[in-house]
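Presented below is the structure to which this report refers.
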Amino acid sequence: MAKKDNDSEFQKLVLKQLKELTENAKQTTQNVQSIKTDLKKEIDKTNQKIDNTKIELKKEIDNNKIELKKEIDKTNQKVDKLDKKIDNNKTELKKEIEKTNQKIDRTKIELKKEIDKTNQKVDKLDQKVDDGNAALHDRIDSYHLTIDLPPPPPPVQKLYKLMKNIVVVHIDTSWNQHKLEVLIKQIYQDFGHLKKKKVGYIQFRVEANMIEFVEKYLETIEFSKDYQCLIDLETDESKRI
179 MAKKDNDSEF
189 QKLVLKQLKE
199 LTENAKQTTQ
209 NVQSIKTDLK
219 KEIDKTNQKI
229 DNTKIELKKE
239 IDNNKIELKK
249 EIDKTNQKVD
259 KLDKKIDNNK
269 TELKKEIEKT
279 NQKIDRTKIE
289 LKKEIDKTNQ
299 KVDKLDQKVD
309 DGNAALHDRI
319 DSYHLTIDLP
329 PPPPPVQKLY
339 KLMKNIVVVH
349 IDTSWNQHKL
359 EVLIKQIYQD
369 FGHLKKKKVG
379 YIQFRVEANM
389 IEFVEKYLET
399 IEFSKDYQCL
409 IDLETDESKR
419 I
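Using the working numbering, read the sequence shown as starting at 179 and increasing by one per residue.
Encoded structure:
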């Protein structure tokens, strides 16, 4: 009888423990489910935040794209205006160059006319001198003078050559300052018309080791203020001219 009671108590104890275990398991399941639910909510919130952030970022990127496009358009407009301005400047410069070339051409024509007039005047003057000399000789011959007159002085040797409107001077190592002074005096005496009208020019063909000497002398007397001049290196070929 006592054994039966003990078994009954044991069964009750086992049932009680099973019930407690069942309740604990049920509570644990509920807790786990609650945690899962809370975790899912947090995940959903996080995903929502991510989606919202993506949307905001996309809006910001789109806005930046719009602003950037506006800036690019403004820059392109500025570039177009600058290109147009450059083209206009090129056109104006081309017009100015054409005007300048036309002026140069007209000046060349006028200079040629002046040169031709000057040459004609010189030719007429030379002819008058020749005619005067011839008439004088005829008169002397007609008088049959028997008086012995001293011979006329030899003509002064010109230190230059005249080629149309270019005065050419060959300068070698035999030249010194005195000879150069004589040359300059001859140029000023014989070609005053070039000085006044700036027509033609003086070309100095100088041997290499005399160039510095000639340049310094011409610079000292300020020759270029009166005449257009050019200093070239004398060569074997230029000596023949």
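Backbone N, C-alpha and C fix where the C-beta goes; we use that ideal spot for every residue, glycine too.
Tell me the rounded alpha-carbon separation between residue i and residue j.
i	j	result
Thr-200	Lys-227	40 Å
Lys-256	Lys-243	20 Å
Lys-363	Asp-261	58 Å
Asn-138	Pro-332	As displayed, the chain neither begins before 179 nor continues past 419, which places residue 138 out of reach and without an answer.
Ile-399	Ile-409	15 Å
Leu-337	Leu-411	18 Å
Glu-198	Asn-225	40 Å
Glu-397	Gln-406	13 Å
Ala-180	Lys-218	56 Å
Gln-189	Lys-204	22 Å
Glu-245	Asn-254	14 Å
Lys-295	Ile-349	31 Å
Ala-386	Phe-401	20 Å
Asp-216	Glu-249	48 Å
Ile-233	Asp-258	37 Å
Asp-404	Asp-283	23 Å
Glu-421	Lys-281	Here the chain comprises residues numbered 179 to 419, so residue 421 is not present and cannot be evaluated.
His-356	Tyr-395	11 Å
Glu-187	Leu-196	14 Å
Glu-390	Tyr-366	22 Å
Glu-393	Lys-252	59 Å
Asn-241	Lys-247	10 Å
Thr-207	Lys-223	24 Å
Lys-268	Glu-274	10 Å
Leu-340	Lys-263	52 Å
Could you tell me which residues DSSP pairs with residue i in its beta bridges?
i	result
His-348	Arg-383
Lys-339	Val-346
According to DSSP, is residue i part of a helix, a strand, or is it coil?
i	result
Asp-410	strand
Gly-370	helix
Glu-400	coil
Asn-354	coil
Val-334	coil
Tyr-405	coil
In or out: residue i buried (at least 16 other Cβ within 10 Å) or exposed?
i	result
Gly-370	exposed
Ile-178	It is not possible to answer for residue 178, since the shown part of the chain is limited to 179 through 419.
Val-384	buried
Gln-305	exposed
Leu-358	buried
Leu-191	exposed
Leu-271	exposed
Val-347	buried
Leu-361	buried
Ile-213	exposed
Gln-335	exposed
Gln-381	buried
Ile-221	exposed
Please decide whether residue i counts as near chain C, where near means a Cβ-Cβ distance under 7 Å.
i	result
Lys-263	Included in the structure is just one protein chain, with no chain C present.
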